[in-house]
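Peer 1: The structure that follows is given in the form of structure tokens.
Numbering (our numbering), first residue to last: 14 to 265.
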């Protein structure tokens, strides 16, 4: 009698094939970390940008202090969003620290330090902006011209703090991108783009500090890199082989 051999029963039959991330905990950890860092890159971009637009809608103009009383909520909300970016960016730097540390401890520490310095300066700048609110309330007692001059000084102080902070960010991020390029944590084309973009960004911030208003144009390559990086991390994540590399393998 002829018998038909039955195919072996697969362990996955009847319960479906588990996703790669569920089968390999390391992949799940890599993607979770990558996606969270990518989300924070996008969040910081959107939150600070929104806050800056709200603040500028109030303080743009030669005699903006006269209209502050009617737009206090807009100014306060914008300042709150700008200062909330500090928590987002520090969180991003803390999350990426162990990823970088496995491949270059000094670079990881330097990037974290420059991010903290940047966020400290941006916080000082936003606090200067918030001084506009009491200035508007006391404008009659101080004199309109004096109050407007102090308000303009607060806006300039925020701008200067922002540019110095961006100079720090660009400097630290160049070392970050150099490490990403060297270790293969990101594709070389993306890491190289970031290295060039942040170098240009640093030059723009330095030019602004010395009075040349060109940072907005020079910000574009670095800004596009950050958005591209965010989506890359959300979809692809860090390169697996480089992400799982131990300190011994990286030569530390």
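Where is the CB? At the ideal position from N, CA and C, for every residue including glycine.
In chain order, what residues of the same chain lie with their CB nearer than 7 Å to the CB of residue 175, ignoring the 5 residues before and after it?
Peer 2: Mapped onto the chain shown, residue 175 falls at position 162. Cβ within range, chain order: 135 and 138.
Peer 1: Enumerate, from N- to C-terminal direction, the unbroken alpha helix (DSSP H) stretches of 4 or more residues contained entirely within the region 134-185.
Peer 2: Runs of the alpha helix (DSSP H) inside the region 134-185: 145-150 and 152-155.
Peer 1: The alpha helix (DSSP H) with residue 246 in it runs from where to where?
Peer 2: Translated into positions along the chain shown, residue 246 becomes position 233. That run of the alpha helix (DSSP H) goes 228-248.
Peer 1: From residue 52 to residue 152, what does the alpha carbon distance come to, in whole angstroms?
Peer 2: Locating residue 52 in the chain shown gives position 39, where the first residue counts as 1. Locating residue 152 in the chain shown gives position 139, where the first residue counts as 1. Distance between the alpha carbons of residue 52 and residue 152 is about 42 Å.
Peer 1: Using CA atoms only, rank isn't needed, just tell me which of 141, 171, 45 and 101 is closest to residue 112.
Peer 2: One-based indexing of the chain shown puts residue 112 at position 99. Ranking 141, 171, 45 and 101 by Cα distance to residue 112 puts 45 first.
Peer 1: Tell me whether residue 199 sits in a helix, a strand or coil according to DSSP, three-state version.
Peer 2: By 1-based counting over the chain shown, the position of residue 199 is 186. In this structure, residue 199 counts as coil in the three-state DSSP scheme.
Peer 1: In three-state terms, what does DSSP make of residue 116?
Peer 2: Here residue 116 corresponds to residue number 103 of the chain shown, with the count starting at 1. It is coil, neither helix nor strand.
Peer 1: If contacts are defined as beta-carbon pairs under 8 Å, then residue 92 and residue 59 qualify, I think. What distance do you get, rounded to the angstrom?
Peer 2: The count along the chain shown starts at 1 and reaches residue 92 at position 79. The count along the chain shown starts at 1 and reaches residue 59 at position 46. Wrong, their Cβ atoms sit about 16 Å apart, outside the cutoff.
Peer 1: Within 10 angstroms of its Cβ, does residue 201 collect 16 or more other Cβ (buried), or is it exposed?
Peer 2: On the chain shown, position 188 is the one that residue 201 refers to. It is exposed - the Cβ of residue 201 has fewer than 16 other Cβ atoms within 10 Å.
Peer 1: Applying the criterion that 16 or more other CB atoms from any shown protein chain within 10 Å of the CB defines a buried residue, is residue 154 buried or exposed?
Peer 2: As a working mapping, residue 154 is identified with position 141 in the chain shown. Exposed is the call here.
Peer 1: Note down the Cα distance separating residue 170 from residue 78, rounded to an integer number of angstroms.
Peer 2: Indexing the chain shown from 1 puts residue 170 at position 157. Indexing the chain shown from 1 puts residue 78 at position 65. Cα to Cα, the separation comes out at about 16 Å.
Peer 1: Residue 178 and residue 47 look like a contact to me (Cβ under 8 Å); what is the Cβ gap, rounded to whole Å?
Peer 2: Translated into the one-based positions of the chain shown, residue 178 becomes position 165. Translated into the one-based positions of the chain shown, residue 47 becomes position 34. The Cβ separation is near 26 Å, so there is no contact.
Peer 1: With H, G and I counted as helix, E and B as strand and the rest as coil, what does DSSP make of residue 188?
Peer 2: Here residue 188 is taken as the residue at index 175 of the chain shown, counted from 1. Looking at residue 188 - three-state DSSP - the assignment turns out to be helix.
Peer 1: Buried or exposed for residue 42, going by 16 or more other Cβ atoms inside 10 Å?
Peer 2: Taking the first residue of the chain shown as 1, we reach residue 42 at position 29. Residue 42 comes out exposed.
Peer 1: Classify residue 102 as helix, strand or coil using the three-state DSSP reduction.
Peer 2: For the purposes of this step, residue 102 is identified with residue 89 of the chain shown, where counting begins at 1. Residue 102: helix per DSSP, three-state reduction.
Peer 1: Pull up the distance between the alpha-carbon of residue 161 and that of residue 140, whole angstroms please.
Peer 2: Within the chain shown, residue 161 is the residue found at index 148, counting from 1. Within the chain shown, residue 140 is the residue found at index 127, counting from 1. For residue 161 and residue 140, the distance between alpha carbons rounds to 17 Å.
Peer 1: Please return the same chain residues whose Cβ sits closer than 6 Å to the Cβ of residue 246, not counting the five positions on each side in sequence.
Peer 2: If you number the chain shown from 1, residue 246 lands on position 233. Answer for residue 246: 47, 50 and 51, listed in chain order.
Peer 1: If we call anything under 9 Å between Cβ atoms a contact, is residue 57 one with residue 122?
Peer 2: The count along the chain shown starts at 1 and reaches residue 57 at position 44. The count along the chain shown starts at 1 and reaches residue 122 at position 109. Not closer than 9 Å, so no.
Peer 1: Using 10 angstroms around the beta-carbon of residue 243, count the other beta-carbons present and answer buried if the total reaches 16, otherwise exposed.
Peer 2: Translated into positions along the chain shown, residue 243 becomes position 230. The residue is buried, with at least 16 neighbouring Cβ atoms inside 10 Å.
Peer 1: Whose C-beta lies closer than 7 Å to the C-beta of residue 219 among residues of the same chain, with five residues either side of it excluded?
Peer 2: As a first step, residue 219 must be located in the chain shown, where it is residue number 206. Closer than 7 Å at Cβ, skipping near neighbours: 180.
Peer 1: Using DSSP with H/G/I as helix, E/B as strand and the rest coil, what is residue 87?
Peer 2: The count along the chain shown starts at 1 and reaches residue 87 at position 74. Helix, per DSSP.
Peer 1: In whole angstroms, what separates the C-alpha of residue 114 from that of residue 197?
Peer 2: For the purposes of this step, residue 114 is identified with residue 101 of the chain shown, where counting begins at 1. For the purposes of this step, residue 197 is identified with residue 184 of the chain shown, where counting begins at 1. Whole-angstrom Cα-Cα distance: 14 Å.
Peer 1: Kindly indicate which three-state DSSP category residue 111 falls into: helix, strand or coil?
Peer 2: Residue mapping note: residue 111 aligns to position 98 of the chain shown, counting from 1. Three-state result, residue 111: helix.
Peer 1: Which residue's Cα is closest to the Cα of residue 157: 237, 187, 104 and 80?
Peer 2: For the purposes of this step, residue 157 is taken as residue 144 along the chain shown, with counting starting at 1. The residue with the shortest Cα to Cα distance from residue 157 is 80.
Peer 1: In the DSSP assignment, find the unbroken alpha helix (DSSP H) run with residue 254 in it and report its ends.
Peer 2: The residue you call residue 254 lines up with position 241 of the chain shown. Here the alpha helix (DSSP H) through residue 254 covers 253-256.
Peer 1: Counting only the same chain and skipping the five closest in sequence on each side, list residues whose C-beta sits under 6 Å from that of residue 124.
Peer 2: Locating residue 124 in the chain shown gives position 111, counting from the first residue. So the list reads 185 and 189, once near-sequence residues are dropped.
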